[in-house]
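Residue numbers (the working numbering): -3 to 384. Just so it is clear, CB atoms sit at the ideal spot from N, CA and C, and this is done for glycine as well.
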């Protein structure tokens, strides 16, 4: 342990809040690093299976709260509101020494504002994408957090300009996403046949599944007709369960799609090409250097509102980081199965196209820092607990 990072005073209490599958995973790694630095810290909060597996006291299960799109959030408003009120009550009755909020923006910003109002120290890990839309939110963050830990290097000056205490801690996926199997090894591990394999990654939220999966299934049906020897694999995110896919059971059975729980990284490594929803998965797949196509669909009203607000050319993180479209994006009305099937076929059949995409994806890792992201955030948290 570095000399300047002494364990905190005994019985320090930390509450961590993560509302989605990616945040739950980042939180679990952070908890593990915090416990290595100081095993005496007591950790509780809101999260999913990954956080629970660290031994943290999870008093709110986040699985029901993961949604995407403005209309979709309204549909779950009562559940989200109840969770927020429960957290506020918990913070007031048993104030922690530090509140760590991980992504899950609107919810966590409300909680940050409340925590600050009652004197609780706030570390916000993975802030709002102010570089994409609503840039004035940096000034709001200055009022409601004590410290920002950001995962993209170009975010630092944006927060510094608003006088927000900020540190680039490195992207946690640099450490998490490591290709450790060949295509053949991954297929063997997952008991897949030695056939060309296409992955379906429809997201980690039920709302995403409802909008994106039907498009992917229709695309898979087209591909299967064109290439009868194809096989398909679909990883089930930790925030979902097999029941989520019951409405699609007929298509899944007809296409012989392999449903695989809690093993997305091995599924990525078993795939020759992937269809993926927009989000963290695009970056994970990119770091695995697997060719992909991005499919994004939300309600028409949500999309109309977001289109007016978002100021960036691309929605996929692999494209945003590269400042160009290295992976095709099929968004909303353009998310047509015929077009997506053509792109997946091109990835599978055009060797030069496939190689060029992989070469660009291979450059992503160096754009995201040297790694150690979770460890760096844990050290930052310990400093805040020690009032450094």
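By the 16-neighbour rule on beta-carbons within 10 angstroms, residue 105 is buried. The Cβ atoms of residue 168 and residue 22 lie closer than 8 Å to each other. Taking C-beta separations shorter than 7 Å and ignoring five residues to either side along the sequence, the partners of residue 276 in its chain run 18, following chain order. Separation of residue 291 and residue 206 (C-alpha to C-alpha, rounded to the nearest whole angstrom) is 13 Å. DSSP places residue 197 in the uninterrupted beta strand (DSSP E) bounded by 193 to 197.
Contact check for residue 217 against residue 251 passes: the beta carbons are separated by less than 8 Å. In the DSSP annotation of this structure, the continuous segment of the alpha helix (DSSP H) that includes residue 215 starts and ends at 202 to 222. Out of 76, 263, 154, 120, the CA that lies nearest to the CA of residue 140 is found in 120. Under the three-pair Cβ rule at 8 Å, the region 26 to 45 counts as touching the region 366 to 374.
Counting the other CB atoms within 10 Å of its CB gives residue 85 a total below 16, which places it among the exposed residues.
Listed in chain order, the non-local C-beta contacts of residue 357 below 6 Å within the same chain comprise 282, 285, local neighbours out to five positions each way being set aside. Pairing residue 16 with residue 278 gives a Cβ-Cβ distance that is not under 8 Å.
Bridge partners of residue 325 according to DSSP: 290. The way I'd put it, the region 175 to 186 does touch the region 260 to 270; three or more beta-carbon pairs between them come closer than 8 Å.
Look at the region 315 to 361 and you find these whole runs of alpha helix (DSSP H), each 4 residues long or longer: 333 to 345, 347 to 357.
Three or more beta-carbon pairs drawn from the region 337 to 346 and the region 214 to 228 are found closer than 8 Å, and the two stretches are therefore classed as touching.
Note: residue 255 is bridge-paired with 230 in the DSSP secondary-structure output.
For residue 93 against residue 117, the beta-carbon gap comes to about 7 Å, under 8 Å, which counts as contact.
According to the DSSP assignment, residue 158 belongs to no beta strand (DSSP E), since it is labelled neither H nor E. Residue 12 is a Cβ neighbour of residue 96, given a cutoff of 8 Å.
Taking the Cα positions, residue 58 is about 9 Å away from residue 45. In this structure, residue 353 sits near residue 322, with a CB-CB distance shorter than 8 Å. The shortest CA-to-CA distance from residue 111 to any of 10, 204, 160 is the one to 10. Rounded to the nearest whole angstrom, the CA to CA distance from residue 200 to residue 43 is 14 Å. Annotation note: the region 134 to 189 contains the following uninterrupted alpha helix (DSSP H) runs of length 4 or greater, listed N- to C-terminal: 152 to 156, 169 to 172, 179 to 185. By the neighbour-count criterion, in which a residue is buried when 16 or more other Cβ atoms sit within 10 angstroms of its Cβ, residue 143 is buried. Cβ contact annotation for residue 331 (same chain, cutoff 6 Å, sequence separation greater than five): 211, 291, 293, in chain order.
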